[in-house]
Amino acid sequence: MNRLFDLRAVIGGLFTPYGVIVTLVGLFDDPAEIDKAQGVRINLWMGLAMLALGLLMLLWLRLNPPKPLEAGEEKED
Amino acid sequence: MSGLRLDVDFVDYLILAIYFVFVLGVGFAARRAIRDSSDFFLSGRSMPAWVTGLAFVSANLGALEIIGMAANGAQYGMMTLHYYWVGAVPAMVFLGIVMMPFYYGSKVRSVPEFLRRRFNRPTHLFNAISFAVAQVLIAGVNLYALALILQALLGWPLWLSIVIGAAIVLSYITLGGLSSAIYNEVLQFFVILAGLLPITVIGLVKVGGWDGLVEKVRASDLGDAGLHTFSQTASTGNPLGANWIGIVFGLGFVLSFGYWTTNFAEVQRALSAKDMNAARRTPIIGAFPKLLIPAVTVLPGLIALVTVQGLGAEEGDLTYNNAIPLLMRDLLPNGVLGVAVTGLVASFMAGMAANVSGFNTVFTYDIWQSYLRKDRPDGYYLRVGRIATIVGVLVGIGTAFIAAGFDNIMNYIQALFSLFNAPLFATFIVGMFWKRMSAWAGFWSLLLGFLASLTLYLGYLGGVFAFNSDLEESFWGAGAAFLTAVVVAVVVTPFTPAKPEHELRGLVYGLAGPSTGADVIVAGDRVWWRNPVLLGGVALVLAVVLYVPFW
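Those protein sequences? They're chains A and B, same order as listed.
One point on numbering: in full-length UniProt numbering, the residue at position 47 of the first sequence is 47, and numbering is uninterrupted.
One point on numbering: in full-length UniProt numbering, the residue at position 207 of the second sequence is 207, and numbering is uninterrupted.
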């Protein structure tokens, strides 16, 4: 099989913008939104968490890039 | 205007739209990697274990599962944990340690193909057709449920949701085949968790933390029984209405082993792994998230029970099935709300995609190639697979309306599983470990096991047999199917010729093919954290330990 693009790039590519968007929303949440979430700044926390997940996936890809064709690719789990 | 309508705004729709773009992007990108039918149907057997493992658990983490388990959490309390720790983890570990060497080692491309080689063509055809039909039906259920929930939450008309959901799934499977399905399943796994986690966190804050939840559940109608799993199971005087024998053997053994070890929509994920060790670790790696998923399904169910006034109504907005949507409405601000909606939509689509990708493989390899058009070039079957995908989705849309006739979609699925999977597991397990079992014994045990559970099911629907609940019927139906299949296998075998041993190599325990001796089953990897037996043992121990606080 031709080398498939790496899944870590997809996960990182989705969660990095998700993290940025939700963190931004969280920074500007008005008191009504925070009240709805029982006083938890959930957008801020989840945004940062998703940003961290996205960046970690991209970092993992950078540190351990897929090898050229025919070589085993699994060193990670 | 529905009372479930969410207050979604631009940001939430933006998050949903970004997800759709990624899903389709994965499909287009995966397409470039497809050269032959093996790439399309089995991802060219190239996937690393962490990817197939997460896809394995994700293929089961459909929205029906999430919504259904939260509903069960609200209705039955902590006893719902049995569906995870008794009803899934042991079977997943068993699949990885004991059965995967037969599946992966024999190089079969599907579960029905294993039956053809172990038994005969009639067994194969019966299973291939029943599997294909069941997958299309279940895909239809997923689609219909997606449409229902989007209608309630976002106010989209039913037909719009059905068309959008079907079109997206159709596009990415037709383009990218199994690779595309698996990649999207892993992506979906993270999106669902990101969507559900805020519900649990905010919910726990609202009820005053863990202690507050315990106190409020005790004061609810469910009472203290809702906080225990095994304590009252000597009798049936517990929320689930089942004793421990029913739980351990009915749910934990027959239903669960039937589902996890023979359901091709699951097994296919492991068959796409890049080597034997990765294939064996696939269900075991999947077992670890499975252990913890109740934290974002069962727990929100209990939180909904104590925070949503009037939950548990027979109909309307306050049915148990709406536990998660109600909490989304009450607790999530815009932003994480969009992620949660996306997670739900993603899980419906991935659930459907798992069915469709299982269907197109079995239809192409096991029905079309085996019986209708043999010996064509590979590219021909690749085309057939793509057409089968389109036809499967279209028929699924049609069957979506069959599902509309059932009041509880989850029970409809359970009924289907008990009809098809329980006898299949019995036939498999006897056939894998008893080399004398004949080809025709395989056929008759499968057919009569299926008829046994069908009889019970129709008799229950027609009022001939009485059971306490649909759920109890599915336990008994599965049990009857399993027993019938085993007895028939034992009775028929002496009267029919055995298969010659050379045809059974690699398919039956003890006939040392290259892959199925006892040494292979206990063998590991040089590195301990890649050893299936060790990892499986850890998962089982965790499943027991996690029960301790909820005994």
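Heads up, the beta-carbon is just placed ideally off N, CA and C, and yes, glycines get one too.
Keep in mind that this is a model prediction, so the values were computed, not measured.
Give me the Cα-Cα distance between F10 (chain B) and G459 (chain B), rounded to the nearest whole angstrom.
For the purposes of this step, residue 10 (chain B) is taken as the residue at position 10 of the second sequence. For the purposes of this step, residue 459 (chain B) is taken as the residue at position 459 of the second sequence. Going from the Cα of F10 (chain B) to the Cα of G459 (chain B) covers about 51 angstroms.
Given this structure, state the Cα-to-Cα distance separating R218 (chain B) from A166 (chain B), to the nearest angstrom.
The residue labelled residue 218 (chain B) in the question sits at position 218 within the second sequence. The residue labelled residue 166 (chain B) in the question sits at position 166 within the second sequence. Rounded to whole angstroms, R218 (chain B) to A166 (chain B) spans 43 angstroms at the Cα level.
Assuming G310 (chain B) and V356 (chain B) form a contact by the criterion Cβ under 8 angstroms, report the distance between their Cβ atoms to the nearest whole angstrom.
Along the second sequence, one-based indexing puts residue 310 (chain B) at 310. Along the second sequence, one-based indexing puts residue 356 (chain B) at 356. Their Cβ separation, rounded to whole angstroms, is 38 angstroms, which puts G310 (chain B) and V356 (chain B) out of contact at 8 angstroms.
Quick one, which residues of the stretch 196-215 of chain B are near chain A if we go by CB-CB under 8 angstroms, in chain order?
L197, P198, V201, I202, V205 and K206
Rounded separation between F126 (chain B) and L447 (chain B) - CA only
Indexing the second sequence from 1 puts residue 126 (chain B) at position 126. Indexing the second sequence from 1 puts residue 447 (chain B) at position 447. Going by the C-alpha atoms only, they are around 8 angstroms apart.
Residue nearest to P101 (chain B) in terms of C-alpha spacing, selected from B:L160, B:P48, B:M349 and B:A273:
Position 101 of the second sequence holds residue 101 (chain B). Comparing Cα-Cα distances from P101 (chain B) to each of B:L160, B:P48, B:M349 and B:A273, the minimum goes to B:A273.
Helix, strand or coil at A33 (chain B) according to DSSP, with G and I counted as helix
Position 33 of the second sequence, counted from the start, is the residue given in the question as residue 33 (chain B). If DSSP states are grouped into helix, strand and coil, A33 (chain B) belongs with coil.
Starting from I202 (chain B), trace the alpha helix (DSSP H) in both directions and tell me its first and last residue.
The residue you call residue 202 (chain B) lines up with position 202 of the second sequence. Segment L158 to V207, the alpha helix (DSSP H) holding I202 (chain B).
Is the Cβ of N334 (chain B) closer than 8 angstroms to any Cβ of chain A?
The residue given as residue 334 (chain B) occupies position 334 in the second sequence. Chain A, which has a Cβ nearer than 8 angstroms to the Cβ of N334 (chain B), makes this yes.
Taking DSSP as the reference, what is the three-state secondary structure of M50 (chain A)?
If you number the first sequence from 1, residue 50 (chain A) lands on position 50. Correct three-state label for M50 (chain A): helix.
Go ahead and label V548 (chain B) buried or exposed: buried means 16 or more other beta carbons lie within 10 angstroms of its beta carbon, across all protein chains shown.
Counted from its first residue, the second sequence places residue 548 (chain B) at position 548. Its Cβ having fewer than 16 others within 10 Å, V548 (chain B) is exposed.
Validate contact between the stretch 361-370 of chain B and the stretch 104-120 of chain B using beta carbons, cut 8 angstroms, 3 pairs
yes
Does the Cβ of G398 (chain B) have 16 or more other Cβ atoms within 10 Å, making it buried, or fewer, making it exposed?
Within the second sequence, residue 398 (chain B) is the residue found at index 398, counting from 1. When all chains shown are included, G398 (chain B) counts as exposed.
Run of the alpha helix (DSSP H) containing A55 (chain B), from where it starts to where it stops
Counting from one through the second sequence, the residue named residue 55 (chain B) turns up at place 55. Unbroken alpha helix (DSSP H) run through A55 (chain B): A49 to N60.
On the three-state DSSP scale, how would you describe A219 (chain B)?
Along the second sequence, one-based indexing puts residue 219 (chain B) at 219. Helix, per DSSP.
Have a look at B:L327, B:T493, B:L42 and B:M79 and flag the residue whose alpha-carbon is nearest the alpha-carbon of K206 (chain B).
Position 206 of the second sequence, counted from the start, is the residue given in the question as residue 206 (chain B). That would be B:L327, whose Cα lies nearest to the Cα of K206 (chain B).
Report yes or no: do the stretch 45-55 of chain A and the stretch 12-27 of chain A share at least 3 C-beta pairs separated by less than 8 angstroms?
yes
Would you verify that the beta carbon of L305 (chain B) is, or is not, closer than 8 angstroms to some beta carbon of chain A?
In the second sequence, counting from the first residue as 1, residue 305 (chain B) sits at position 305. Output row for L305 (chain B): interface = no.
Selection from B:S445, B:D378 and B:S474 that minimises the alpha carbon distance to D39 (chain B):
Looking up residue 39 (chain B) in the second sequence gives position 39. Residue B:D378 is the option with its Cα nearest to D39 (chain B).
Once DSSP output is grouped into helix, strand and coil, what is the label at K75 (chain A)?
Here the question's residue 75 (chain A) lines up with position 75 in the first sequence. Note that K75 (chain A) has pLDDT 37, beneath the 50 cutoff, so the model's placement of it is unreliable and the number below is only indicative. The answer is coil: DSSP assigns K75 (chain A) none of H, G, I, E or B.
Exposure label - residue 587 (chain B); buried when at least 16 CB within 10 Å:
Absent from the structure is residue 587 (chain B), since the part of chain B shown begins at 1 and ends at 551.
Report all residues from its chain with a CB closer than 6 angstroms to the CB of R280 (chain B); omit the five preceding and five following residues, and keep chain order.
Here the question's residue 280 (chain B) lines up with position 280 in the second sequence. Taken in chain order, the residues that qualify are G96, M100 and P532.
Which residues in chain B sit within 8 angstroms of P17 (chain A), going by Cβ to Cβ distance?
As a position in the first sequence, residue 17 (chain A) is number 17, starting the count at 1. In chain order: I18.
D6 (chain A) classed as buried or exposed, judged by whether at least 16 other C-beta atoms fall within 10 angstroms:
Position 6 of the first sequence, counted from the first residue, corresponds to residue 6 (chain A). Buried, because 16 or more other Cβ atoms sit within 10 Å of the Cβ of D6 (chain A).
CB contact below 8 angstroms: residue 88 (chain A) versus chain B
Missing from the structure shown is residue 88 (chain A); chain A here goes from 1 to 77 and no further.
Between the C-alpha atoms of A134 (chain B) and F420 (chain B), what's the straight-line distance to the nearest angstrom?
In the second sequence, the residue the question calls residue 134 (chain B) occupies position 134. In the second sequence, the residue the question calls residue 420 (chain B) occupies position 420. So the two alpha carbons sit approximately 8 angstroms from each other.
Report yes or no: is there a C-beta of chain A within less than 8 angstroms of the C-beta of residue 555 (chain B)?
Residue 555 (chain B) is absent from the model: chain B starts at 1 and stops at 551.
On the criterion of 16 or more Cβ atoms from any shown chain inside 10 Å, does E70 (chain A) qualify as buried, or is it exposed?
Walking along the first sequence from the start, residue 70 (chain A) turns up at place 70. Note that E70 (chain A) scores 47 on pLDDT, short of 50, meaning its location in the model is unreliable; the coordinates nonetheless yield the value given after this. E70 (chain A) is exposed by the Cβ-count criterion.
What three-state label does DSSP hand A441 (chain B) in the structure shown?
Numbered from 1 along the second sequence, position 441 holds the residue referred to as residue 441 (chain B). A441 (chain B): helix per DSSP, three-state reduction.
Helix, strand or coil for A88 (chain B), going by three-state DSSP, please let me know.
The residue you call residue 88 (chain B) lines up with position 88 of the second sequence. It is coil, neither helix nor strand.
Run through the DSSP bridge pairs and tell me what A32 (chain A) is partnered with.
The residue you call residue 32 (chain A) lines up with position 32 of the first sequence. Partner(s): none; A32 (chain A) has no beta bridge.
As a quick exercise: from B:D211, B:W244 and B:A132, pick the residue whose alpha carbon is nearest that of F230 (chain B).
As a first step, residue 230 (chain B) is located in the second sequence; it is residue number 230 there, counting from the start. It is B:W244 whose Cα lies nearest to the Cα of F230 (chain B).
Using CA atoms only, rank isn't needed, just tell me which of B:S453, B:T427 and B:W85 is closest to T493 (chain B).
For the purposes of this step, residue 493 (chain B) is taken as the residue at position 493 of the second sequence. Nearest C-alpha to T493 (chain B): B:T427.
How would you call K374 (chain B), buried or exposed, if buried means at least 16 neighbouring beta carbons within 10 angstroms?
Your numbering for residue 374 (chain B) matches position 374 in the second sequence. The residue is exposed, with fewer than 16 neighbouring Cβ atoms inside 10 Å.
Beta-carbon within less than 8 angstroms of I129 (chain B)'s beta-carbon, same chain only, minus the 5 sequence neighbours each way: which residues are those?
In the second sequence, counting from the first residue as 1, residue 129 (chain B) sits at position 129. These residues qualify, in order along the chain: I367.
State the Cα-Cα distance for the pair L187 (chain B) and I11 (chain A), rounded to the nearest angstrom.
To locate residue 187 (chain B), count along the second sequence from 1; it is residue 187. To locate residue 11 (chain A), count along the first sequence from 1; it is residue 11. Rounded to whole angstroms, L187 (chain B) to I11 (chain A) spans 6 angstroms at the Cα level.
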